[in-house]
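A.B. asks:
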Amino acid sequence: MAGTTPPSERDDAASGCLAVGLIVGLVPLGGMLLLFSFAATVEIDSPDAFGGWRDNLSSFALFPLVLSIASLLGALAVTLRASRRVRLFVGVVCGLLLVAACWRAYTLAPMLKCWSHNSIAREPDGSYDCADR
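Residue numbers (our numbering): 152 to 284.
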């Protein structure tokens, strides 16, 4: 038949479109979840601007952080079958976001000792106090 493509080419095109769709969806999703993780505890992280006791949202910041890392690693896994340019671009973007996620995990880890308390305050020395109000 003239004008038709073999099934293998159609399958390659379909998998390529699926890969691009996943990459375009997973990378921004990972970035937005990471941003939400940072935003959830901005008051706790800034004791000079927001002093005193604050609601403990550290557990709410952990969940989007984990989902963000999973999303970014998923985007990297999808690029394994993509072209070299796509792998390079997505690798750089995901790499930068994963570095930010590591920084977020580093800043979030001390807060997690207050997991079971509903209030948290940051001391001038950088430690955290926990309380139930």
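For glycine and all other residues, C-beta sits at the position ideal for the given N, C-alpha and C.
The alpha helix (DSSP H) that contains Ser222, what's its start and end?
C.D. replies: Walking along the sequence shown from the start, residue 222 turns up at place 71. Boundaries of the alpha helix (DSSP H) harbouring Ser222: Ser209 to Val229, taken from the DSSP string.
A.B. asks: Got a sec, what are the start and stop residues for the alpha helix (DSSP H) Ala256 sits in?
C.D. replies: Residue mapping note: residue 256 aligns to position 105 of the sequence shown, counting from 1. Note, Ala256: alpha helix (DSSP H), Arg235 to Leu259.
A.B. asks: Measuring CB atoms only, is the segment 270 to 281 touching the segment 196 to 208, in the sense that at least three cross pairs come out at less than 8 Å?
C.D. replies: yes
A.B. asks: So, does the segment 243 to 257 touch the segment 221 to 233, judging by three or more C-beta pairs under 8 Å?
C.D. replies: Yes, the segment 243 to 257 touches the segment 221 to 233.
A.B. asks: Would Ala212 pass as a contact of Leu259 if the rule is Cβ separation under 7 Å?
C.D. replies: Within the sequence shown, the letter at position 61 stands for residue 212. Within the sequence shown, the letter at position 108 stands for residue 259. For Ala212 and Leu259, yes; Cβs fall inside 7 Å.
A.B. asks: According to DSSP, is Ala282 helix, strand or coil?
C.D. replies: What you label residue 282 is simply residue 131 of the sequence shown in a count that begins at 1. Of the three classes helix, strand and coil, the one that applies to Ala282 here is strand, per DSSP.
A.B. asks: Determine the closest residue to Gly176 out of Arg235, Ser219 and Gly277, with distance taken between C-alpha atoms.
C.D. replies: One-based indexing of the sequence shown puts residue 176 at position 25. When only C-alpha atoms are compared, the closest one is Ser219.
A.B. asks: Taking the C-alpha atoms as reference points, what is the distance between Leu239 and Val178?
C.D. replies: Here residue 239 corresponds to residue number 88 of the sequence shown, with the count starting at 1. Here residue 178 corresponds to residue number 27 of the sequence shown, with the count starting at 1. The straight-line gap from Cα to Cα measures roughly 14 Å.
A.B. asks: Label Arg255 either buried or exposed according to how many other C-beta atoms from any shown protein chain fall within 10 Å of its C-beta, with 16 as the threshold for buried.
C.D. replies: Mapped onto the sequence shown, residue 255 falls at position 104. When all chains shown are included, Arg255 counts as buried.
A.B. asks: Find out if the Cβ-Cβ distance for the pair Pro215, Ser197 is shorter than 7 Å.
C.D. replies: Here residue 215 refers to the residue found at position 64 of the sequence shown. Here residue 197 refers to the residue found at position 46 of the sequence shown. Cβ distance not < 7 Å, so Pro215 and Ser197 don't count as in contact.
A.B. asks: If you reduce the DSSP assignment to three classes, tell me which class Asp206 lands in.
C.D. replies: The residue given as residue 206 occupies position 55 in the sequence shown. Strand, per DSSP.
A.B. asks: So, Leu184 versus Ala251, is the Cβ gap smaller than 7 Å?
C.D. replies: Taking the first residue of the sequence shown as 1, we reach residue 184 at position 33. Taking the first residue of the sequence shown as 1, we reach residue 251 at position 100. Annotated as distal: Leu184 and Ala251, with beta-carbon spacing of 7 Å or more.
A.B. asks: Using the beta-carbon count (16 or more within 10 Å), is Cys253 buried or exposed?
C.D. replies: Along the sequence shown, one-based indexing puts residue 253 at 102. When all chains shown are included, Cys253 counts as exposed.
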